[in-house]
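As given, the protein sequences belong to chains A, B and C, one line each in that order.
Note that the first sequence covers residues 1 to 307 in this note's numbering.
Note that the second sequence covers residues 1 to 533 in this note's numbering.
Note that the third sequence covers residues 1 to 308 in this note's numbering.
We put the beta carbon where it would ideally sit given N, CA and C, even for glycine.
Read the structure below first, then the notes.
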Amino acid sequence: MFAFILRRLAVAIPTLLLLIVFSFVLMHLAPGGPFTGERALPPAVLANLERQYGLNDPLWLQIWNYLYNIVVHFDFGPSFVYPDRTVNQLIAAGFPVTLTYGALSFLAAVIFGVSLGVVAAIWHNSWVDYLAVGISIGAQVLPNFVMAPLLVLVFTLWYRLLPGGGWSFNDPSFWIMPVIALATSYMASIARITRSSMLEVLGSNHIRTARAKGMPEHRVIIRHALKPAMLPVISYLGPVFVSMITGSVVIDIYFSTGGIGKAFVDSALNRDYAVMMGVTILIGTLTILFNLLVDVLYAWIDPKIRY
Amino acid sequence: MTKLFATTALIAALAMPAYAVQPAEGETLAENQTYTYWLLDAIKSLDPAKNTDVEGSDALRSLFEGLMIEDAQGNMIPGVAESYEVSDDQLTYIFKLRDANWSNGQPVTADDFVFAWQRVVTPATASEYAWYIELMNVQNATAIIAGEMEPDQLGVRAVDEKTLEVTLTKPTPYFISTLSHTTAYPVPRAVVEEHGDAWIQPANLVGNGAYTLASHNLGVEIVFQKNPEYWDADNVVMETVRGVTVNDNNVALTRYQAGELDRVQIPAGQYPRLSEQFPDQAVSVPYGCSYAYVFNLSEKGPEVLKDQRVREAMSLSLNRDVIVDQVLQGGQRPAYSWTHWAINGFAAPEGGMAEMSQEQRTERARELLAEAGYGPDNPVRVQLQYNTDDSHRLLAIAAQQFWRPLGIEIELNNVEWAVHTDRLQNQDFQVARYAWCADYNEASTFLDWFRTDGYNSGKWSNEEYDRLLAEAATAEDTTPLYQRAEEILAEEVPAVFVYHYAKVDMINPAIKGLPRENLRNTWYAKDIYRTAE
Amino acid sequence: MVIDQQKMQSLSDRLVQDEVKGRSPWADARKRFWRNKAAMFGLTILVLVALFALVGGRFAVWSNEELDFSVMGQVAQMGQPSLENGHYFGTDNLGRDLYARVVQGTQISLMVGIVGAAIAVIVGALYGATAGYVGGRTDQLMMRTVDILMSIPYMFVLILLLVMFGRSMSMLFLGIGLISWLDMSRIVRGQTLSLKNREFIEAARATGVSSFRIILRHIVPNLLGVVAVYATLLVPLMILTESFISFLGLGVQEPLTSWGALISEGAGTMNYGTLWQLAFPLFFFVITLFGFFFVGDGLRDALDPKER
Numbered sequence: 001m002f003a004f005i006l007r008r009l010a011v012a013i014p015t016l017l018l019l020i021v022f023s024f025v026l027m028h029l030a031p032g033g034p035f036t037g038e039r040a041l042p043p044a045v046l047a048n049l050e051r052q053y054g055l056n057d058p059l060w061l062q063i064w065n066y067l068y069n070i071v072v073h074f075d076f077g078p079s080f081v082y083p084d085r086t087v088n089q090l091i092a093a094g095f096p097v098t099l100t101y102g103a104l105s106f107l108a109a110v111i112f113g114v115s116l117g118v119v120a121a122i123w124h125n126s127w128v129d130y131l132a133v134g135i136s137i138g139a140q141v142l143p144n145f146v147m148a149p150l151l152v153l154v155f156t157l158w159y160r161l162l163p164g165g166g167w168s169f170n171d172p173s174f175w176i177m178p179v180i181a182l183a184t185s186y187m188a189s190i191a192r193i194t195r196s197s198m199l200e201v202l203g204s205n206h207i208r209t210a211r212a213k214g215m216p217e218h219r220v221i222i223r224h225a226l227k228p229a230m231l232p233v234i235s236y237l238g239p240v241f242v243s244m245i246t247g248s249v250v251i252d253i254y255f256s257t258g259g260i261g262k263a264f265v266d267s268a269l270n271r272d273y274a275v276m277m278g279v280t281i282l283i284g285t286l287t288i289l290f291n292l293l294v295d296v297l298y299a300w301i302d303p304k305i306r307y
Numbered sequence: 001m002t003k004l005f006a007t008t009a010l011i012a013a014l015a016m017p018a019y020a021v022q023p024a025e026g027e028t029l030a031e032n033q034t035y036t037y038w039l040l041d042a043i044k045s046l047d048p049a050k051n052t053d054v055e056g057s058d059a060l061r062s063l064f065e066g067l068m069i070e071d072a073q074g075n076m077i078p079g080v081a082e083s084y085e086v087s088d089d090q091l092t093y094i095f096k097l098r099d100a101n102w103s104n105g106q107p108v109t110a111d112d113f114v115f116a117w118q119r120v121v122t123p124a125t126a127s128e129y130a131w132y133i134e135l136m137n138v139q140n141a142t143a144i145i146a147g148e149m150e151p152d153q154l155g156v157r158a159v160d161e162k163t164l165e166v167t168l169t170k171p172t173p174y175f176i177s178t179l180s181h182t183t184a185y186p187v188p189r190a191v192v193e194e195h196g197d198a199w200i201q202p203a204n205l206v207g208n209g210a211y212t213l214a215s216h217n218l219g220v221e222i223v224f225q226k227n228p229e230y231w232d233a234d235n236v237v238m239e240t241v242r243g244v245t246v247n248d249n250n251v252a253l254t255r256y257q258a259g260e261l262d263r264v265q266i267p268a269g270q271y272p273r274l275s276e277q278f279p280d281q282a283v284s285v286p287y288g289c290s291y292a293y294v295f296n297l298s299e300k301g302p303e304v305l306k307d308q309r310v311r312e313a314m315s316l317s318l319n320r321d322v323i324v325d326q327v328l329q330g331g332q333r334p335a336y337s338w339t340h341w342a343i344n345g346f347a348a349p350e351g352g353m354a355e356m357s358q359e360q361r362t363e364r365a366r367e368l369l370a371e372a373g374y375g376p377d378n379p380v381r382v383q384l385q386y387n388t389d390d391s392h393r394l395l396a397i398a399a400q401q402f403w404r405p406l407g408i409e410i411e412l413n414n415v416e417w418a419v420h421t422d423r424l425q426n427q428d429f430q431v432a433r434y435a436w437c438a439d440y441n442e443a444s445t446f447l448d449w450f451r452t453d454g455y456n457s458g459k460w461s462n463e464e465y466d467r468l469l470a471e472a473a474t475a476e477d478t479t480p481l482y483q484r485a486e487e488i489l490a491e492e493v494p495a496v497f498v499y500h501y502a503k504v505d506m507i508n509p510a511i512k513g514l515p516r517e518n519l520r521n522t523w524y525a526k527d528i529y530r531t532a533e
Numbered sequence: 001m002v003i004d005q006q007k008m009q010s011l012s013d014r015l016v017q018d019e020v021k022g023r024s025p026w027a028d029a030r031k032r033f034w035r036n037k038a039a040m041f042g043l044t045i046l047v048l049v050a051l052f053a054l055v056g057g058r059f060a061v062w063s064n065e066e067l068d069f070s071v072m073g074q075v076a077q078m079g080q081p082s083l084e085n086g087h088y089f090g091t092d093n094l095g096r097d098l099y100a101r102v103v104q105g106t107q108i109s110l111m112v113g114i115v116g117a118a119i120a121v122i123v124g125a126l127y128g129a130t131a132g133y134v135g136g137r138t139d140q141l142m143m144r145t146v147d148i149l150m151s152i153p154y155m156f157v158l159i160l161l162l163v164m165f166g167r168s169m170s171m172l173f174l175g176i177g178l179i180s181w182l183d184m185s186r187i188v189r190g191q192t193l194s195l196k197n198r199e200f201i202e203a204a205r206a207t208g209v210s211s212f213r214i215i216l217r218h219i220v221p222n223l224l225g226v227v228a229v230y231a232t233l234l235v236p237l238m239i240l241t242e243s244f245i246s247f248l249g250l251g252v253q254e255p256l257t258s259w260g261a262l263i264s265e266g267a268g269t270m271n272y273g274t275l276w277q278l279a280f281p282l283f284f285f286v287i288t289l290f291g292f293f294f295v296g297d298g299l300r301d302a303l304d305p306k307e308r
């Protein structure tokens with residue numbers, strides 16, 4: 001197990017390197033630069049800017065300097081578009097926000113999704129089941145860029161219950177709408193997966209045996225059915241995490257939370273090279289770590305799996 | 001994002017009384033003096049040397065103050081400068097500074113201006129707006145930017161603590177009006193030298209404006225508090241100013257209606273409905289920008305567009321009334337000249353397209369196209385490039401439909417902003433959407449664009465035009481010169497002028513003091529106050 | 001919104017077992033599929049939507065790009081759905097016929113979904129089959145590569161590609177398709193591994209058939225079950241991805257449109273009294289995704305029946 005983790009981490013480094021070089025080259029080949037604007041800059045001014053930011057070095061040297069600064073100084077460079085801040089500062093400001101509403105959404109999606117799925121499976125083919133399936137299918141396909149403005153309309157304008165956007169770590173009322181908008185569709189997918197895998201487990205031989213022994217139903221479910229039924233849910237969590245980060249773009253745009261999702265899209269569109277690279281590396285690292293975590297969790301729950 | 005800089009207006013008096021909007025008779029001030037305005041995006045920089053956009057300038061006008069500021073009509077009035085003198089050869093300006101303090105209690109000195117301006121042109125500062133000091137024609141600016149001279153050679157000098165001397169390379173009539181721009185603001189030398197690049201962090205920032213920075217959560221909210229050290233603090237009513245970022249205009253409007261914002265832009269097409277529903281809140285005022293479709297007439301441009309008849313037909317058949325009245329619907333005006341209609345002293349030339357009916361124009365366009373050998377059977381095929389934005393998209397689609405019946409087939413090419421500007425600057429386009437905003441309130445700010453050595457992305461060139469503008473720089477009566485220049489543009493059609501902008505906003509009726517006659521919509525938070533309901 | 005890999009694995013195991021027993025799973029599966037009400041319902045929806053996309057245009061009074069000047073500028077009052085003026089679904093903000101635009105958007109979205117899924121499935125199946133069949137070092141290397149590629153945040157790469165090469169249909173197809181072939185390749189590889197030592201493959205190899213032909217002729221056809229199910233479930237994911245790209249403003253060029261573009265336009269104006277601009281495209285979007293889910297699940301259950 002330990003060796004497995006080590007091996008996976010060892011693969012992570014070349015993976016990240018590949019990602020960095022690929023994005024770096026792609027980004028610099030794209031037309032336009034961070035300083036193109038409505039007015040063309042005079043050549044002397046542009047030359048000063050490029051010299052100052054090292055943009056006139058050959059590409060390989062730029063990549064090398066970039067990597068060197070990260071490894072030696074943990075410095076991801078300056079932002080071209082937000083000259084008051086470094087990439088480290090921008091990420092330090094935006095990432096905790098994304099992480100907060102992301103983690104809350106993740107928890108909400110898992111807790112409500114699993115509950116809904118289990119309930120639906122237990123009362124299979126009853127109205128509870130139909131309601132749960134109905135909700136989950138509906139919620140699964142409603143794009144969050146429809147959901148988000150709808151929430152603002154309902155909770156901010158019509159009922160005046162919640163602030164329409166912004167962010168504060170001290171005031172949970174800012175967290176509610178982002179979490180609902182981000183969690184809903186994943187909650188629905190998790191509910192569907194839980195329901196069908198629960199149904200499968202409940203029909204299996206060892207549950208029948210437990211029931212035949214006269215074990216009370218709630219104990220059967222909690223002690224014997226829940227754990228094996230969670231396996232497919234867990235294998236689903238890795239991809240959920242990744243697409244939640246992608247979905248955070250929409251959350252950042254509609255709720256102006258200041259997270260890193262929008263920072264990435266903006267930096268790609270504005271050619272803010274360093275910010276784009278910084279966010280890509282962050283998300284790449286998180287993706288790798290999270291997939292690893294999911295695999296470890298999986299092995300822990302399912303003793304049949306050996307690494 | 002439109003980049004702007006200071007406005008020009010001729011200054012008559014040397015010393016004028018300080019200007020501050022005061023509550024009118026019968027108005028009671030609200031207890032809560034807070035103003036919350038809308039920001040489309042995060043503020044890029046609060047460093048006067050590095051700011052490049054409108055939203056940054058709005059914030060900087062609260063935090064800093066230049067030698068001159070603007071009144072509600074956009075006229076220049078004294079800021080930090082109390083008075084100034086000009087030498088007979090118009091090359092030397094001497095400013096007398098008033099007793100003003102930085103927010104840390106230290107006096108604002110002439111040396112802070114010297115330091116700030118030198119900092120802008122120093123290559124190591126990497127200021128995108130270094131060219132602004134060149135535009136001001138401050139001596140040696142160009143050479144310093146090019147790295148051929150030391151920054152301390154810049155033509156600006158502190159005679160004593162409160163006297164600033166500026167030397168120009170040539171007489172510059174608009175010089176005074178450049179002084180209210182953020183690039184020409186002072187910065188506190190002591191603070192910048194102590195903290196280096198980190199001086200701009202909220203904890204370190206020191207300014208001389210009417211407000212100080214209370215907090216700045218990038219992309220979420222920026223908060224300003226009244227600065228007790230400001231020299232005119234007694235006349236400042238508004239206590240707290242908040243800029244709130246909402247990245248989606250429609251959501252911003254929803255939040256305005258929920259009372260979270262005091263001012264927000266109205267999305268395209270919604271003005272008629274809102275002005276009917278909320279006549280005291282929906283406001284449309286002229287805004288000094290013009291919108292155009294520019295033709296690429298350089299060597300890289302398509303052959304068909306070099307036929308003047310084709311260009312003229314495209315201009316004639318673009319139904320601007322429909323665009324203005326049925327697409328934008330916000331009090332914009334159809335453009336038949338490049339110069340914005342509300343520019344000081346500008347009168348559009350008589351006759352021409354403006355006085356024809358749309359039927360006549362379309363008829364004439366058909367004739368021109370037929371002469372040039374085109375028509376529905378043999379259509380002109382060109383590509384129209386625009387950057388990602390809802391209203392650019394709507395206009396481009398409408399234009400496509402206006403041109404199609406005449407035999408002009410447009411392929412729409414939507415690219416993102418960085419690509420759009422890159423292609424414009426490299427003449428990699430056929431027809432492209434463009435907008436220009438007035439730097440100052442005089443026609444040359446528009447007309448200079450089409451000079452052979454102007455920005456002129458389409459590379460159109462006309463000798464008479466260049467000569468007229470050169471003449472206008474020193475002429476007594478510029479009107480006939482500018483009119484003739486506009487006539488040349490109308491004859492040769494280097495671009496289709498589409499519409500003149502209006503600024504269309506929802507403004508909380510309790511908020512007073514926002515300027516409505518300033519063509520560039522420059523506003524100062526110190527002039528605003530909130531009345532009780 | 002991701003495909004349940006566990007179930008796919010179970011399906012693939014099951015299909016290989018059937019091969020051992022030497023009978024085709026298809027006949028039984030067909031029967032089970034036709035009996036599955038949800039799947040039949042889904043299939044009906046999909047057929048109707050496909051018909052709408054193919055022949056819906058014939059009933060349109062307006063084209064998808066004409067401006068109706070009588071409506072333009074007063075869309076909220078004049079542009080609502082109406083049989084009289086031919087705007088069955090109302091008009092968009094410019095006065096263009098929404099019915100024609102939804103028909104055309106449906107074509108694009110279905111096309112993106114199907115082509116994207118097809119690219120993903122073809123690349124994934126060929127890659128996985130090759131790795132599994134060749135085995136040894138090559139297999140190791142190929143699967144390590146998949147592991148590495150799995151940890152790349154694809155949506156971000158796709159945005160980069162669209163920024164870099166500009167927006168175009170082919171870029172969209174390619175980008176969206178390349179996002180999701182990795183899982184496919186793993187499942188196919190596993191299945192190929194268990195297939196390749198079967199007698200019929202051995203026999204083919206003994207008679208000197210080339211590896212490439214064996215993969216194409218004998219391995220791939222045996223993978224069809226998995227591939228079919230996977231493809232059906234991938235299409236809605238591709239459609240969702242495309243809608244997200246359109247939301248970011250990187251989708252297809254005007255005057256063409258897609259569900260994502262229409263929905264995101266409609267969602268912006270939902271409070272301005274023009275709700276039909278959101279309702280119609282969203283309706284087609286939602287029922288189509290339902291349809292694909294039902295059919296995909298039904299196919300899978302038919303090929304991999306579990307005691308319930």
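Runs of the alpha helix (DSSP H) lying entirely within the stretch 140 to 165 of chain B and spanning at least 4 residues, in chain order: 141 to 145. Within a 10 Å sphere around the beta-carbon of A:Tyr-159 sit fewer than 16 other beta-carbons, which makes this residue exposed.
DSSP links B:Ala-502 through a beta bridge to B:Pro-286.
Of the candidates B:His-195, B:Thr-339, B:Trp-231, the residue whose Cα lies closest to the Cα of B:Gln-106 is B:Trp-231. In the DSSP assignment, B:Leu-481 falls within the unbroken alpha helix (DSSP H) covering 479 to 492.
Where B:Leu-519 is concerned, there is no enclosing alpha helix (DSSP H), because DSSP gives it neither an H nor an E. Inside the stretch 82 to 109 of chain C, DSSP marks no whole alpha helix (DSSP H) run of 4 or more residues.
The continuous beta strand (DSSP E) containing B:Pro-78 extends over residues 76 to 78. Under the Cβ criterion of 9 Å, C:Gly-268 is counted among the residues facing chain B. The C-beta of C:Met-72 comes closer than 9 Å to at least one C-beta of chain B. If only complete runs of 4 or more residues are kept, the stretch 106 to 159 of chain A shows the alpha helix (DSSP H) at 127 to 141, 144 to 151, in order along the chain.
Residue burial annotation: C:Ile-215 is buried, with at least 16 other C-beta atoms found within 10 angstroms of its C-beta. DSSP lists B:Ile-222 as the bridge partner or partners of B:His-216. The beta carbon of C:Ala-267 sits closer than 8 Å to those of Leu-278, all from its chain and outside the five residues before and after it, given in chain order. Each residue's CA atom was taken as its position, placing B:Ile-176 and B:Met-76 some 8 Å apart. Note on A:Lys-213: under 16 other CB atoms within 10 angstroms of its CB, so exposed under the neighbour-count rule. The alpha-carbon of A:Tyr-236 is positioned some 35 Å away from that of C:Trp-276.
DSSP, read as helix, strand or coil, puts B:Arg-451 in coil.
The residue from C:Phe-293, C:Phe-285, C:Ala-38 with its alpha-carbon nearest to that of C:Ala-228 is C:Phe-293.
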